[in-house]
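> Chains as they are written, first to last, in our numbering: chain E, -15 to 195; chain Z, -15 to 195.
Cβ coordinates follow ideal geometry from the N, Cα and C atoms, glycine included.
There are 2 protein chains.
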Amino acid sequence: MPKHTFYNLPEEKKDTLIDAAKKEFSRVPLFEASISNIVKVAKIPRGSFYQYFEGKEDVFFYLLEKRTEDMNKKFIAILRQNKGDLFKAFLEVFKHLLYDFKNPENRNFFKHTFLNMNHEIEIIFYKMFHENKREDDLTSINAILDKEKLNIENECELPHVMQILKIVTVQNLIQNFAKEISFEKAIEKYELEINLLKNGLYKDKSSYFIE
Amino acid sequence: MPKHTFYNLPEEKKDTLIDAAKKEFSRVPLFEASISNIVKVAKIPRGSFYQYFEGKEDVFFYLLEKRTEDMNKKFIAILRQNKGDLFKAFLEVFKHLLYDFKNPENRNFFKHTFLNMNHEIEIIFYKMFHENKREDDLTSINAILDKEKLNIENECELPHVMQILKIVTVQNLIQNFAKEISFEKAIEKYELEINLLKNGLYKDKSSYFIE
DNA sequence: ACAAATAGGTGACAATATGTCATTTTCAAT
DNA sequence: ATTGAAAATGACATATTGTCACCTATTTGT
């Protein structure tokens, strides 16, 4: 979390700093990013940087969380539009993200983020699909979700379903950045995998005998 | 890949170097590891290190690939033992890995590796579940696999099934390292998710009418 | 209006790591 | 013994990091 001195900064200075940080994280992934570069581009003294942030991770996660919050709102809106159908919602969100990443300003930032997505980054990113405790009950994912369509025996299996959908989604995004495949191919692949998840990977032979 | 000078080294010196590298990568993840530390522990001159390796990534991936090759053999053996049943094989391998990671010497190395598993590391690790081109046809996963039990329409869906199983497995391993849950709880959680994958996340209401 | 107190800004600095390279050593082949 | 190629070495230039002593600006109390 940025220090309070950062939040007290005049908007303009904040923006300059943020822009410089975005530029650096678009150039290279977090682990290669250099504070020296950020302060050089932002034209602020080195000491000031440490006045505002604990280190480069601090700025990075600040940027990432801001974006994730926007995406979270989008996810909830899309889930509601699709009347709580998780699978349709994930597909819509996936398309949305792909579309977002076409924007060159975002593209490299997210490319580096996704190709270096470790557990810490994953946790932040997954918040996109989570309840947002600060919002009121009307936006609660739990309330919107159409659980009737889910093949679960009880509530406690729900987080596992979400988990599976999340990782398949993120994995698909990662592979898009790794292989730079076309928008259409990406959707096709994702849809195929979502359908496998929906219908199950296992063919129970006993079902043949019933027919 | 290590340079040829590394392979020409006498076994003893190689081992000293490898041990020092292992120690460093058990101390911290790749991105925090320092070559200075490795050469200090191995008691070799700095210049020699660069004679043998391109950089720290080079040693790290060398170590990781060696371990992955062993695991690949294990996976193929287990798959054959289970007569090509992918789900049973993945569960067995999962147990096996958990057991392996109990060994303190491995534990921290893999903890740092899993909690910082980016796309590059993932690719290496996933080789564990792949065909090994160098082996003969008898060990071919494709030949062993019982595809009858898989809910796929054609061969080209198979890689997607594998992909889904791989990422769910790796995700479970990552979460074990992140949350340090017990062996039993870990297996229980993994089994639950594998069953969700087998049976599908979607409950088709039309099936009720058939009954 | 003024001094004191508090908060914020600055850049020089020590510490440390990195990759290179000119030089030295080793050793096999003649 | 001589030579030439390969390997070993450690000092070095360069770069980055986080800190700290000092400076400036702003607020507070009288």
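When you check each C-beta in the segment 5 to 31 of chain Z against every C-beta of chain E, which residues fall closer than 7 Å?
Going along the segment 5 to 31 of chain Z in chain order, one finds 15 with a Cβ nearer than 7 Å to chain E.
> Give, in chain order, every residue of the segment 54 to 79 of chain Z whose Cβ lies closer than 9 Å to some Cβ of chain E.
Of all residues in the segment 54 to 79 of chain Z, 70 and 71 have a Cβ within less than 9 Å of some Cβ in chain E.
> Once DSSP output is grouped into helix, strand and coil, what is the label at residue 196 (chain E)?
For chain E, the structure presents residues -15 to 195; residue 196 (chain E) sits outside this window and is missing.
> Output yes if chain E places a C-beta closer than 8 Å to the C-beta of residue 108 (chain Z); else output no.
If you number the second sequence from 1, residue 108 (chain Z) lands on position 124. Taking Cβ atoms only, chain E never reaches closer than 8 Å to residue 108 (chain Z), which makes this a no.
> Which residues in chain Z have a C-beta closer than 8 Å to the C-beta of residue 155 (chain E)? List them in chain order.
Position 171 of the first sequence holds residue 155 (chain E). 147 and 151, listed in chain order.
> Using alpha carbons as the reference points, say which of E:164, E:83, E:184 and E:114 lies closest to residue 145 (chain Z).
Your numbering for residue 145 (chain Z) matches position 161 in the second sequence. Ranking E:164, E:83, E:184 and E:114 by Cα distance to residue 145 (chain Z) puts E:184 first.
> Please identify the residue among Z:172, Z:112, Z:69 and Z:104 whose C-alpha is closest to the C-alpha of residue 128 (chain Z).
In the second sequence, counting from the first residue as 1, residue 128 (chain Z) sits at position 144. Checked all of Z:172, Z:112, Z:69 and Z:104; the closest Cα to residue 128 (chain Z) is Z:69.
> Among E:158, E:-15 and E:-8, which has the Cα closest to the Cα of residue 93 (chain E)?
As a first step, residue 93 (chain E) must be located in the first sequence, where it is residue number 109. For residue 93 (chain E), the nearest C-alpha among the options comes from E:158.
> Kindly say whether residue 170 (chain Z), judged by its beta-carbon, lies nearer than 8 Å to any beta-carbon of chain E.
Your numbering for residue 170 (chain Z) matches position 186 in the second sequence. Cβ-Cβ to chain E under 8 Å: no for residue 170 (chain Z).
> So, are the CB atoms of residue 21 (chain Z) and residue 41 (chain Z) less than 8 Å apart?
Numbered from 1 along the second sequence, position 37 holds the residue referred to as residue 21 (chain Z). Numbered from 1 along the second sequence, position 57 holds the residue referred to as residue 41 (chain Z). No.
> On the premise that residue 96 (chain E) lies in contact with residue 99 (chain Z), defined as a C-beta separation below 8 Å, what is that separation, rounded to the nearest angstrom?
For the purposes of this step, residue 99 (chain Z) is taken as the residue at position 115 of the second sequence. For the purposes of this step, residue 96 (chain E) is taken as the residue at position 112 of the first sequence. The pair is not a contact, with the Cβ atoms about 18 Å apart (cut-off 8 Å).
> Are there three or more Cβ pairs, one per stretch, closer than 8 Å when the segment 106 to 119 of chain E is compared with the segment 149 to 156 of chain E?
The segment 106 to 119 of chain E is in contact with the segment 149 to 156 of chain E.
> Give me the chain Z residues within the contact set of residue 127 (chain E), using Cβ-Cβ distance strictly less than 7 Å, ordered along the chain.
Position 143 of the first sequence, counted from the start, is the residue given in the question as residue 127 (chain E). Going along chain Z, no residue has its Cβ under 7 Å from residue 127 (chain E), so there is no contact; the nearest lies around 19 Å.
> Nearest to residue 39 (chain E) by alpha carbon, out of E:80, E:125, E:15 and E:-4?
Against the first sequence, residue 39 (chain E) aligns to sequence position 55. The residue with the shortest Cα to Cα distance from residue 39 (chain E) is E:15.
> To which residues does DSSP link residue 186 (chain E) through a beta bridge?
Against the first sequence, residue 186 (chain E) aligns to sequence position 202. DSSP, once it has assigned bridges, lists Z:134 as partnering residue 186 (chain E).
> Measuring alpha carbon to alpha carbon, tell me which of E:45, E:19, E:65 and E:36 ends up nearest residue -6 (chain E).
Numbered from 1 along the first sequence, position 10 holds the residue referred to as residue -6 (chain E). Of the candidates E:45, E:19, E:65 and E:36, the one whose C-alpha sits nearest the C-alpha of residue -6 (chain E) is E:36.
> Does the beta carbon of residue 85 (chain E) come closer than 8 Å to any beta carbon on chain Z?
Mapped onto the first sequence, residue 85 (chain E) falls at position 101. Residue 85 (chain E) does not count as touching chain Z.
> Looking at the C-beta of residue 182 (chain Z), does it have a partner C-beta in chain E at a distance below 8 Å?
The sequence position of residue 182 (chain Z) within the second sequence is 198, counting from 1. Interface residue, yes.
> In the DSSP assignment, find the alpha helix (DSSP H) that holds residue 37 (chain E) and state where it starts and stops.
Residue mapping note: residue 37 (chain E) aligns to position 53 of the first sequence, counting from 1. No alpha helix (DSSP H) contains residue 37 (chain E), which DSSP labels as neither H nor E.
> Output the boundary residues of the alpha helix (DSSP H) element that contains residue 146 (chain E).
What you label residue 146 (chain E) is simply residue 162 of the first sequence in a count that begins at 1. 142 to 163 is the span of the alpha helix (DSSP H), which, as asked, contains residue 146 (chain E).
> Looking at the structure shown, is residue 114 (chain Z) part of a helix, part of a strand, or coil, going by DSSP?
Looking up residue 114 (chain Z) in the second sequence gives position 130. In this structure, residue 114 (chain Z) counts as coil in the three-state DSSP scheme.
> Following the continuous alpha helix (DSSP H) through residue 10 (chain E), name the residue where it begins and the one where it ends.
Along the first sequence, one-based indexing puts residue 10 (chain E) at 26. That run of the alpha helix (DSSP H) goes -5 to 11.
> Using the three-state DSSP reduction, which class does residue 175 (chain E) fall into: helix, strand or coil?
For the purposes of this step, residue 175 (chain E) is taken as residue 191 along the first sequence, with counting starting at 1. Residue 175 (chain E) falls in the helix class under three-state DSSP.
> Let me see if you follow: with CB-CB separation under 8 Å, is residue 197 (chain E) close to chain Z or not?
What is shown of chain E runs -15 to 195, which leaves residue 197 (chain E) out entirely.
> Tell me, please, whether the CB atom of residue 187 (chain E) is closer than 8 Å to any CB atom in chain Z?
As a first step, residue 187 (chain E) must be located in the first sequence, where it is residue number 203. Residue 187 (chain E) counts as touching chain Z.
> Only counting the same chain, and skipping five residues up and downstream in sequence, which positions put a Cβ closer than 7 Å to that of residue 195 (chain Z)?
Position 211 of the second sequence, counted from the start, is the residue given in the question as residue 195 (chain Z). Any reading at residue 195 (chain Z) needs caution, since the residue's pLDDT is 43, under 50, leaving its predicted position unreliable; the model's value is listed next. The answer is none, since no qualifying residue turns up.
> Among the residues of its own chain, which have a CB less than 6 Å from the CB of residue 24 (chain E), if the five just before and after it don't count?
One-based indexing of the first sequence puts residue 24 (chain E) at position 40. Excluding positions up to five away in sequence, the list is empty.
> So with CB distances below 7 Å, who are the chain Z contacts of residue 177 (chain E)?
Position 193 of the first sequence holds residue 177 (chain E). In chain order: 144 and 148.
> What whole-angstrom Cβ distance do residue 179 (chain E) and residue 78 (chain E) have, given they're in contact under 8 Å?
Here residue 179 (chain E) is taken as the residue at index 195 of the first sequence, counted from 1. Here residue 78 (chain E) is taken as the residue at index 94 of the first sequence, counted from 1. Contact doesn't hold; Cβ gap of about 13 Å is too wide.
> What number of angstroms, rounded off, separates the C-alpha of residue 10 (chain Z) from the C-alpha of residue -4 (chain E)?
Sequence index remark: in the second sequence, residue 10 (chain Z) carries index 26 (1-based). Sequence index remark: in the first sequence, residue -4 (chain E) carries index 12 (1-based). Their backbone Cα atoms lie some 44 Å apart in a straight line.
> Distance, Cα to Cα, residue 46 (chain E) vs residue 53 (chain E)?
Taking the first sequence and counting its residues from 1, one reaches residue 46 (chain E) at position 62. Taking the first sequence and counting its residues from 1, one reaches residue 53 (chain E) at position 69. Computed Cα separation, rounded: 11 Å.
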